[in-house]
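Engineer: Okay, handing you the structure first.
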Amino acid sequence: MASPSLRGNLIALGLLGLAVIAAFALGRFPVSPGDILRSIWSWLTGTPSGLSQQIETVIWNIRGPRVLAAILCGAALAVAGAAFQGLFRNPLVSPDILGASSGAALGAVIGIYFSLGLLAIQLAAFAGGLVAVAAVYAVGSTIRRGDPVLVLVLTGVVVGSLLGAGIGLIKYWADPYNQLPAITFWLLGSLAGTARPDLVPLLGPVLIGTGVLLALRWRMNVMSLPEEEARALGLATGPLRIAIVAAATLVTAASVAAAGIIGWVGLVVPHLARFLVGPDFGRLLPTAAILGGGYLLAIDTLARTAAPVETPLGILTAVVGTPFFIWLLASARGGWS
Amino acid sequence: MSLSASALAYGYPAREIGRDIELALQAGEVMALLGPNGHGKTTLLKTMLGLLPARGGGLSLNGQALETLGAGARARALGYVPQAHAGTFAFSVAEMVLMGRTAHAGLFAAPSAHDRTVARAMLERLGIAALAERPYTEISGGERQLALVARALAQEPRYIILDEPTASLDFGNQGKVMAQIRRLAAEGLGVLFTTHDPNQALRYADRVMLLRDGRALASGPAAALLTQDNLVALYGSAVEIVRDADGRLAFLPG
Chain W
144 MASPSLRGNL IALGLLGLAV IAAFALGRFP VSPGDILRSI WSWLTGTPSG LSQQIETVIW
204 NIRGPRVLAA ILCGAALAVA GAAFQGLFRN PLVSPDILGA SSGAALGAVI GIYFSLGLLA
264 IQLAAFAGGL VAVAAVYAVG STIRRGDPVL VLVLTGVVVG SLLGAGIGLI KYWADPYNQL
324 PAITFWLLGS LAGTARPDLV PLLGPVLIGT GVLLALRWRM NVMSLPEEEA RALGLATGPL
384 RIAIVAAATL VTAASVAAAG IIGWVGLVVP HLARFLVGPD FGRLLPTAAI LGGGYLLAID
444 TLARTAAPVE TPLGILTAVV GTPFFIWLLA SARGGWS
Chain C
5 MSLSASALAY GYPAREIGRD IELALQAGEV MALLGPNGHG KTTLLKTMLG LLPARGGGLS
65 LNGQALETLG AGARARALGY VPQAHAGTFA FSVAEMVLMG RTAHAGLFAA PSAHDRTVAR
125 AMLERLGIAA LAERPYTEIS GGERQLALVA RALAQEPRYI ILDEPTASLD FGNQGKVMAQ
185 IRRLAAEGLG VLFTTHDPNQ ALRYADRVML LRDGRALASG PAAALLTQDN LVALYGSAVE
245 IVRDADGRLA FLPG
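In order, the protein sequences belong to chains W and C.
Each residue of the first sequence is one higher than the last, beginning at 144 in the numbering used here.
Each residue of the second sequence is one higher than the last, beginning at 5 in the numbering used here.
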């Protein structure tokens with residue numbers, strides 16, 4: 144039983160390693176794996192690395208932070224996607240199912256409209272994501288009929304479209320020369336300009352949220368059963384659902400605050416991870432995190448290098464994700480409630 | 005030692021389904037719940053399991069009020085076998101059965117080696133150990149039903165409650181599942197199940213309750229209550245009775 148999951152994780156780690164090597168090697172200042180190791184060794188021991196100042200700057204201040212941010216965002220979205228798919232017993236939901244991304248987008252767009260600083264915009268995005276999901280949850284809990292999970296999803300759809308209208312209104316009001324391009328850029332997702340200080344507000348929430356989900360790994364398996372079965376097996380499903388939604392929303396909002404809206408990762412990667420190690424969350428979450436990190440890093444490298452001007456991440460993930468999703472629809476066996 | 009209901013009224017927050025239910029399920033006996041579609045059998049089961057709050061009267065488990073027990077304590081006493089469903093994710097049969105151990109594990113814990121041993125033992129008890137590593141989504145309906153019984157047994161409950169355990173099964177599998185149910189009672193569990201087949205109740209149950217419009221039409225020993233008159237009254241349609249030379253009965257609809 145251990146060997147297929149070990150093999151799956153080795154494959155995922157191998158892909159992540161390749162993505163890291165490619166990310167450093169490609170670009171205007173190529174950095175070889177040897178250079179990275181030398182630089183890290185010199186940082187650890189305090190001895191000079193013998194690398195040019197330029198390469199050191201690329202490793203520590205430019206590409207390094209961007210590589211880490213891509214890995215963290217990809218891992219966050221994949222973990223959140225896996226959690227929401229289990230919670231909603233539907234393999235076709237994404238981390239935005241309860242409005243975390245739309246809420247974060249509205250927060251950021253408002254921040255841009257009021258010409259706030261970058262940090263304030265990120266904070267607004269983070270808060271927007273949390274508030275949107277809390278609102279969906281509060282509204283959904285007042286409706287006491289039918290399956291609570293279905294009610295929650297439908298409330299998410301309704302609130303999500305309201306948030307979309309809010310984003311549209313601000314775009315309509317925004318200054319078309321200064322603000323609108325910034326809003327558009329943000330809504331399409333990008334890691335351009337990521338610097339070392341950006342990593343802290345990303346790393347904290349992602350570690351906390353992922354840690355909570357990992358701690359609840361076994362209960363999450365049981366939560367993917369029909370509501371009444373999970374309760375009959377001894378789960379207090381109400382509080383557990385809140386904990387899982389809160390943790391998954393935390394990591395989603397942190398990722399959106401750092402990189403803007405990047406679709407498809409949270410939908411596609413959990414499937415690949417399940418294909419490698421099966422649906423048990425104890426194995427699924429780590430594999431999804433590794434795969435998601437590698438996947439978004441590969442996409443981001445492509446975004447930097449494919450064209451003279453950076454391509455938005457959301458565009459690339461959609462181009463890769465759409466055919467995958469169609470294949471999924473065509474080959475899915477039932478389980479669609 | 006019993007799972008009992010007294011003057012129980014049950015239903016949903018906005019709608020009462022039934023009332024005046026008196027029932028005591030003893031350890032070691034099999035009780036069948038018979039009744040037409042939509043007359044409250046499943047709702048009564050869910051109320052007995054503590055999944056729906058009682059609207060009146062009381063439920064008690066070995067003398068203790070059921071609503072005072074937490075979800076975990078309830079799951080360690082009452083096992084639930086729902087109607088077999090296809091499942092959303094391809095958990096292995098072993099993982100599915102292991103989920104029966106949830107109420108025995110801590111909040112942040114995964115199942116222990118002991119939990120795995122218990123789950124394994126239940127798979128063997130039901131004769132489906134060979135299916136352990138197969139995906140639950142890909143086995144047959146009969147095998148799924150047996151896996152769900154194994155999962156309920158892994159809870160190590162004292163009572164086991166089954167909702168139409170044979171509804172989606174072929175003739176042979178119906179016999180297999182019912183024989184297992186009889187064996188569980190012989191091993192000391194109290195078993196309550198719903199069925200649409202009076203013959204099944206007659207053959208495998210010690211006692212029956214006939215449920216119509218949410219109320220008990222009659223309740224008592226299976227052999228005494230399963231008569232032509234009672235079944236006609238229960239289903240509101242004709243019932244034919246067949247008797248063999250040894251005096252054994254079978255019922256035919258229409």
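All C-beta atoms in this analysis are idealised placements derived from N, C-alpha and C, irrespective of residue type, glycine included.
1. My understanding is that F468 of chain W touches L428 of chain W, with C-beta atoms under 8 angstroms, so please give their C-beta distance in whole angstroms.
2. Return no unless some Cβ of chain C is closer than 9 angstroms to the Cβ of N152 of chain W.
3. Check each candidate in W:R374, W:A391 and W:I326 and name the one with the smallest Cα separation from V349 of chain W.
4. Cβ of G242 of chain W within 9 angstroms of Cβ of G272 of chain W?
5. CA-CA distance, L130 of chain C and L150 of chain C?
6. Any beta carbon from chain W within less than 9 angstroms of F112 of chain C's own beta carbon?
7. At the level of alpha carbons, what is the spacing between I21 of chain C and F255 of chain C?
8. Given this structure, state the Cα-to-Cα distance separating T115 of chain W from W407 of chain W, to the nearest angstrom.
9. Could you tell me which residues DSSP pairs with S8 of chain C in its beta bridges?
10. Can you find at least 3 beta carbon pairs, one from the stretch 233-240 of chain W and one from the stretch 355-366 of chain W, that sit closer than 8 angstroms?
11. Of all Cβ atoms in chain C, is any one closer than 9 angstroms to the Cβ of S148 of chain W?
12. Give the residues from the stretch 51-62 of chain C that approach chain W closer than 8 angstroms (Cβ to any Cβ), ordered along the chain.
13. Interface residues of chain C around S367 of chain W at Cβ under 7 angstroms?
14. Please report the residue range of the beta strand (DSSP E) in which I245 of chain C lies.
15. Can you give me the Cβ contacts of I240 of chain W inside the same chain, cut-off strictly under 7 angstroms, excluding the 5 residues immediately before and after it?
16. Can you name the residues of chain W whose CB is closer than 8 angstroms to the CB of A2 of chain C?
17. Taking beta-carbon pairs under 8 angstroms, can you tell me which members of the stretch 125-153 of chain C lie near chain W?
18. Mind checking which residues open and close the alpha helix (DSSP H) that includes V300 of chain W?
19. At what residues does the beta strand (DSSP E) containing Y320 of chain W begin and finish?
20. Mind listing which residues of the stretch 382-407 of chain W have their C-beta closer than 7 angstroms to chain C's C-betas, in chain order?
21. What do you reckon, are the CB atoms on A38 of chain C and P86 of chain C nearer than 9 angstroms?
22. Across which residues does DSSP place L166 of chain C in a beta bridge pair?
23. At a Cβ cut of 8 angstroms, what residues of the stretch 218-235 of chain W count as close to chain C, listed as they run along the chain?
24. Does the count of Cβ pairs from the stretch 5-13 of chain C and the stretch 180-191 of chain C closer than 8 angstroms reach three?
25. Please identify the residue among C:R216, C:E168 and C:E191 whose C-alpha is closest to the C-alpha of A205 of chain C.
26. Could you tell me whether the Cβ atoms of G145 of chain C and D119 of chain C are closer together than 9 angstroms?
27. Using a Cβ-Cβ cut-off of 6 angstroms (strictly less than) and excluding sequence neighbours within five positions of A338 of chain W, which residues of its own chain qualify?
28. Taking Cβ positions only, does G194 of chain C come closer than 9 angstroms to chain W?
29. With G409 of chain W as the anchor, note down where its beta strand (DSSP E) starts and where it stops.
30. Tell me which residue opens and which closes the alpha helix (DSSP H) that V236 of chain W is part of.
31. Whose C-alpha, out of W:F257, W:A225 and W:G303, is nearest the C-alpha of A277 of chain W?
32. In terms of residue numbering, what span does the alpha helix (DSSP H) encompassing L273 of chain W cover?
33. What residues in its chain sit with their C-beta under 8 angstroms from that of D290 of chain W, if we drop five residues either side in the sequence?
34. Between the stretch 305-318 of chain W and the stretch 249-262 of chain W, are three or more C-beta pairs nearer than 8 angstroms?
35. Kindly identify the DSSP beta-bridge partner or partners of V212 of chain C.
36. For chain C, check one thing: does any of its Cβ atoms lie closer than 9 angstroms to the Cβ of L376 of chain W?
Structural biologist: On the basis of the supplied data:
1. No, F468 of chain W and L428 of chain W are not in contact; Cβ-Cβ is about 22 angstroms, not under 8 angstroms.
2. Closer than 9 angstroms to the CB of N152 of chain W there is not a single CB belonging to chain C.
3. Taking only the C-alpha atoms, the option nearest V349 of chain W is W:A391.
4. Cβ distance < 9 angstroms, so G242 of chain W and G272 of chain W count as in contact.
5. A direct Cα-to-Cα measurement between L130 of chain C and L150 of chain C gives close to 7 angstroms.
6. True, the Cβ-Cβ gap to chain W drops below 9 angstroms.
7. Roughly 28 angstroms separates the two Cα atoms.
8. Any property of residue 115 of chain W remains undetermined from this structure, which presents chain W solely from 144 to 480.
9. For S8 of chain C, which the question treats as bridged, DSSP gives the partners C:A28 and C:S64.
10. Contact fails: fewer than three Cβ-Cβ distances are below 8 angstroms.
11. No, S148 of chain W does not count as interfacial toward chain C.
12. So the close ones are L53 and L55.
13. Contact note: S367 of chain W reaches chain C through T92 and F93, using a C-beta cutoff of 7 angstroms and chain order.
14. Here the beta strand (DSSP E) through I245 of chain C covers V243 to R247.
15. Non-local C-beta neighbours of I240 of chain W in its own chain, meaning closer than 7 angstroms and more than five positions away in sequence, comprise F227, F231, V296 and G299, ordered along the chain.
16. With chain C covering only 5 through 258, there is no way to say anything about residue 2 of chain C.
17. So the list reads E137 and T141, given in the order they occur along the chain.
18. Taken as a continuous stretch (DSSP letters only), the alpha helix (DSSP H) holding V300 of chain W covers P291 to W316.
19. Neither: Y320 of chain W is in no beta strand (DSSP E) and is coded neither H nor E.
20. Taking 7 angstroms as the Cβ-Cβ cut-off against chain C, none of the residues of the stretch 382-407 of chain W qualify.
21. Inspection of the sequence shows that residue 38 of chain C is occupied by Leu rather than by Ala. Taking 9 angstroms as the Cβ cut-off, L38 of chain C and P86 of chain C do not qualify as a contacting pair.
22. Beta-bridge annotation (DSSP): L166 of chain C is paired with C:V85 and C:F197.
23. In summary, the residues of the stretch 218-235 of chain W whose CB is separated from some CB of chain C by less than 8 angstroms are G229, R232, N233 and P234, in the order they occur in the chain.
24. No: fewer than three Cβ pairs fall under 8 angstroms.
25. Shortest Cα-Cα distance from A205 of chain C to any of C:R216, C:E168 and C:E191 involves C:E168.
26. For G145 of chain C and D119 of chain C, no; Cβs fall outside 9 angstroms.
27. Cβ-Cβ distances below 6 angstroms link A338 of chain W to P208 in the same chain, with the five nearest sequence neighbours on each side left out; the list follows chain order.
28. False, the Cβ-Cβ gap to chain W never drops below 9 angstroms.
29. Following the DSSP letters along the chain, one finds G409 of chain W in no beta strand (DSSP E) but inside the alpha helix (DSSP H) bounded by residues V408 to V420.
30. Per DSSP, V236 of chain W belongs to no alpha helix (DSSP H) and is neither H nor E.
31. Proximity to A277 of chain W across W:F257, W:A225 and W:G303 peaks at W:G303, based on C-alpha coordinates.
32. Element bounds for L273 of chain W: L261 to T285.
33. So the qualifying residues of the chain are E370.
34. Because the criterion of three Cβ pairs below 8 angstroms is met, the stretch 305-318 of chain W and the stretch 249-262 of chain W touch.
35. V212 of chain C pairs with C:A36 and C:G224.
36. So yes, L376 of chain W belongs to the interface.
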